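**Q** Take a look at the following structure, please.
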Amino acid sequence: MLSNLVFMNLYVGEDDITGDKDWKHVFKRLRNLLIRPRGIVVGGVRLTPDILKQHLRSSGLSSGHIHSTFNPEDLQDVKLAFDMLKDIWSLPREAPSDARPGFQQARNAIWVLGQFLHHLVYPYLCVDLSLSEQLEHLSAAAHLALALYHTAGKEFLPTLLYVDIMIAIKNVFFCVAKAKIDTPDGKFWIILLGTDRLEKSFGILRTMVPNDSNLDVLQLCGRLGGTVDVANILALFPEWDRAPRRLRLPALSRDSKEIPDSADHLEPRNWRGNLFVKFVVLQTVWRRGRSLAEDDVLPVASILKTLEKQGKVDILAPKGVLLFDIPLPSDDIDESLEAVASNSRSKAEDGEEQEMDSEVRVEVEDALVDYAGSQQPSPTSGLSMPSIRGFERTIQLDGKDVSKARVLSMYSKYRKVASSTDRLKRVQEVARFATDHTLQETASNLLDSRAVLLVHDPIATLVSCDGRFWLCLGEVNGLKLNGQSTPHLSHTVLREDTVTVSFQLLGLRPAKEADNSQSNSEDYSDWRTYNTPERSFDIPGRFIEVVNPEMIVASGYPSYYLFQSPVLIAVAAALFQRLAASDLKLLPKTAPTNEYPYREGTGKFGFN
């Protein structure tokens with residue numbers, strides 16, 4: 001039944017058992033991956049968080065919404081992960097016609113990424129899809145991931161995350177195939193796969209006896225029967241079931257709009273599509289999924305045809321060898337998992353520090369009260385000292401003395417937004433992901449009043465290659481000030497030691513007459529930029545020189561920049577003379593390729 005599925009991995013365990021990965025955890029890990037500073041590579045473009053934020057901002061999303069979806073403080077929130085992934089696949093494909101070349105290329109790469117995310121997430125959330133349509137979307141996601149991973153490897157997705165996604169998709173198809181044999185007239189819900197049901201049962205088990213939540217194996221055996229009974233009761237009376245907050249996820253209709261009355265996590269009763277397995281033809285849905293991927297992203301068709309001719313290639317062996325049998329390189333790190341662990345540790349430490357700070361404040365306040373009492377003169381001393389008013393620990397509420405802490409707790413209980421984890425900010429009604437409006441206003445004034453460096457702006461620097469220093473042109477894909485990402489930087493602060501600029505290398509080749517045909521300049525430009533295989537570098541801000549070349553927007557063709565040789569030579573000389581000998585040792589290094597260093601005959605921009 002599955003042997004005719006091209007690129008499907010057919011390895012199984014004893015009794016045809018296949019592994020599985022929880023789909024909600026995959027969503028969270030994808031979000032965690034996209035907020036890491038390193039970003040991912042799609043179609044030769046490195047998509048960093050700064051690039052994603054800029055494109056979301058250009059689509060009209062508010063700064064507060066973007067800040068909350070990219071905030072790393074809650075990496076376990078499924079709803080937050082869903083919001084971010086949906087924002088990405090909802091971006092329009094076409095970028096503004098006057099946008100910079102890097103912006104247009106990044107928008108196309110984001111659109112490809114959005115198609116992959118849409119096909120992967122949509123079948124689990126759209127309650128109107130039939131089982132065949134769900135499998136088609138998952139097949140399209142598998143083929144897109146196979147093509148993108150074959151092209152960019154671990155730079156697209158860490159190998160462990162890629163393998164987990166493919167295992168989850170493979171398991172869905174195998175489970176449907178088994179269901180067609182075991183219960184040919186039955187239904188199948190892919191949302192029941194994963195660990196969601198196990199987590200619910202574990203939650204019931206832990207809450208059955210609140211004063212004895214820890215249990216041994218003997219107690220576990222005794223309580224499992226009760227757990228099943230409780231689960232059956234909740235299935236009969238779903239209105240009694242109050243799902244944990246972590247499992248809440250909105251459903252989608254076909255037009256991708258949220259359904260307000262489906263606040264709890266999805267259940268089989270929510271589904272409206274046809275889920276009978278007898279109407280599913282696995283070979284058909286797998287091939288239709290491939291057609292969807294090829295129609296959405298045209299280069300995928302040629303990549304998949306090439307892989308099909310090679311043979312021995314499947315979703316778990318994109319290079320012809322199972323990824324399980326290949327040792328991972330030292331830099332192939334699944335940061336979607338590491339970020340969770342490190343963030344959990346940092347959150348715990350931050351929480352302890354905040355708690356300690358709060359306790360210190362309370363101790364200081366109490367000490368001041370005691371001090372005020374101790375400074376009052378005794379009645380027999382005869383001394384006249386100014387009275388010192390102490391702090392009251394209670395407040396009048398409905399004629400009764402109630403502690404301030406109790407009042408604040410009652411007041412904070414019914415807030416509609418997630419409050420800050422800091423006690424003092426929570427009392428001030430500061431949201432957990434609040435945006436600093438003062439900083440935004442200052443940034444807006446800065447943009448209006450002076451020249452700034454933005455993401456996708458062109459820059460020039462030097463790169464060490466083959467024992468010499470060469471001019472390198474690039475486009476900014478990330479900016480940091482004091483270790484924090486920022487959407488823009490003033491030119492006046494680029495020389496500060498706390499500024500870091502990330503950029504992707506641009507290709508440079510001789511320009512032709514046709515390249516200058518749309519130029520508004522009277523001077524002929526003998527060089528033009530083009531896209532090269534992705535290579536990104538992080539350098540201090542003082543290592544770069546901001547350039548402002550002429551941009552050519554050609555209808556139906558990628559935009560590009562025009563340069564003149566005297567300008568390039570002057571920029572390279574200025575950079576080389578400005579940087580100290582110690583700075584030259586810190587310049588990024590790269591091996592020579594056909595695209596870099598830039599050259600044509602005697603046209604080389606290097607320094608001994």
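Using UniProt numbering, the first residue of the sequence shown is number 1, and each one after it goes up by one. For each residue, glycine too, the CB sits at the ideal point set by N, CA and C. Everything numeric in this text was worked out from a predicted model, so none of it was measured.
1. Would you say Leu473 and Leu506 are within 8 Å of each other, going by their C-beta atoms?
2. Starting from Gly507, follow its DSSP beta bridges and name the residues at the other end.
3. Taking the straight line between their C-alpha atoms, what separation do you get for Met208 and Thr227?
4. Considering just the uninterrupted stretch of the alpha helix (DSSP H) at His491, what are its terminal residues?
5. Distance, Cα to Cα, Arg535 vs Asp182?
6. Could you check what DSSP says for Glu335 in three-state terms: helix, strand or coil?
7. What distance in whole Å lies between the Cβ atoms of Arg107 and His55, which are believed to be in contact at a cut-off of 8 Å?
8. Report the rounded CA-to-CA distance for Phe537 versus Asp87, giving the unit in angstroms.
9. Report the residue ranges of all alpha helix (DSSP H) runs contained in full by the segment 24 to 48; include only those spanning at least 4 residues, in chain order.
10. How big is the Cα-Cα spacing for Val313 and Arg288?
11. With 16 as the cutoff for other CB atoms within 10 Å, does Leu220 come out buried or exposed?
12. On the DSSP bridge assignment, give the partners of Ala317 in chain order.
13. Taking just the CA atoms, how far does Met166 sit from Ile17?
14. Between the C-alpha atoms of Ser464 and Asp128, what's the straight-line distance to the nearest angstrom?
15. What residue range is occupied by the uninterrupted alpha helix (DSSP H) comprising Ile110?
16. Which same chain residues, not among the five before or five after Thr195, have their C-beta less than 7 Å away from its C-beta?
17. To which residues of the same chain is His119 closer than 6 Å at the C-beta, ignoring the five residues directly before and after it?
18. Quick one: is Ala81 buried, meaning 16 or more other Cβ sit within 10 Å of its Cβ, or exposed?
19. In or out: Asp77 buried (at least 16 other Cβ within 10 Å) or exposed?
20. Going along the chain, which residues of its own chain have a beta-carbon closer than 8 Å to the beta-carbon of Val230, five neighbours each way excluded?
21. To the nearest angstrom, report how far apart Leu192 and Val26 are at their CA atoms.
22. Among Leu161, Ser97, Thr69 and Leu61, which residue has its Cα nearest to the Cα of Ala554?
23. Per DSSP, Val463 forms a beta bridge with which residues?
24. The beta strand (DSSP E) with Tyr560 in it runs from where to where?
25. Ser330: buried (16+ other C-beta within 10 angstroms of its C-beta) or exposed?
26. Could you check how far apart the C-beta atoms of Val455 and Val476 are, in whole angstroms? I think they sit under 8 Å.
27. Helix, strand or coil for Met551, going by three-state DSSP, please let me know.
28. Going straight from the alpha carbon of Ser485 to that of Phe188, what length do you get?
29. I'd like the span of the beta strand (DSSP E) that includes Gln396, first residue to last.
30. Mind checking if Trp286 is an interface residue toward chain B, Cβ cutoff 8 Å exclusive?
31. Comparing C-alpha positions only, which one of Ser521, Tyr561 and Asn548 sits nearest to His491?
32. In three-state terms, what does DSSP make of Val402?
33. Rounded to the nearest angstrom, what separates Thr284 and Tyr149 at their Cα positions?
34. Would you tell me roughly how many angstroms separate the C-alpha atoms of Val297 and Gly222, rounded to the nearest one?
35. So the beta strand (DSSP E) Val452 belongs to, where does it begin and stop?
36. What is the residue span of the beta strand (DSSP E) that Phe537 lies within?
**A** Taking the structure as given:
1. Yes, Cβ-Cβ distance for Leu473 and Leu506 is below 8 Å.
2. The bridge partners DSSP lists for Gly507 are Tyr530.
3. Using only the alpha carbons, I get a separation of about 8 Å.
4. Here His491 belongs to no alpha helix (DSSP H), and DSSP marks it neither H nor E.
5. Whole-angstrom Cα-Cα distance: 51 Å.
6. Of the three classes helix, strand and coil, the one that applies to Glu335 here is helix, per DSSP.
7. Confirmed, about 6 Å.
8. Put simply, the backbone Cα of Phe537 is about 28 Å away from that of Asp87.
9. Qualifying alpha helix (DSSP H) stretches: none in this window.
10. If I take the Cα positions, the gap works out to 19 Å.
11. By the 10 Å Cβ count, Leu220 comes out exposed.
12. Ala317 is bridged to Asp314.
13. Within the model, the alpha-carbon separation for Ile17 versus Met166 is close to 15 Å.
14. Those two C-alpha atoms are separated by around 56 Å.
15. Start and end: Pro101 to Leu125.
16. Closer than 7 Å at Cβ, skipping near neighbours: Asp22.
17. Cβ within range, chain order: His137, Ala140 and Ala141.
18. Buried, since its Cβ has 16 or more Cβ neighbours within 10 Å.
19. Flag for Asp77 reads buried.
20. Same-chain partners within the cutoff: Ile204 and Met208.
21. Their Cα atoms are separated by approximately 15 Å.
22. For the options Leu161, Ser97, Thr69 and Leu61, the alpha carbon positioned closest to that of Ala554 is the one of Ser97.
23. Under DSSP, Val463 takes part in a beta bridge, and its partners are Trp470.
24. From DSSP, the beta strand (DSSP E) with Tyr560 extends over Tyr560 to Phe563.
25. Ser330 should be labelled exposed.
26. Contact flag correct, Cβ pair sits at about 5 Å.
27. Of the three classes helix, strand and coil, the one that applies to Met551 here is strand, per DSSP.
28. Rounded to the nearest whole angstrom, the CA to CA distance from Ser485 to Phe188 is 45 Å.
29. Start and end: Thr394 to Leu397.
30. As a matter of chain content, chain B is missing from the structure shown, which is built from one protein chain.
31. Ranking Ser521, Tyr561 and Asn548 by Cα distance to His491 puts Asn548 first.
32. If DSSP states are grouped into helix, strand and coil, Val402 belongs with the strands.
33. In this structure, the CA atom of Thr284 is about 24 Å from the CA atom of Tyr149.
34. So the alpha carbons of these two residues sit roughly 55 Å apart.
35. From DSSP, the beta strand (DSSP E) with Val452 extends over Val452 to Leu454.
36. It spans Ser536 to Pro540 - the beta strand (DSSP E) in which Phe537 sits, taken as one unbroken run.
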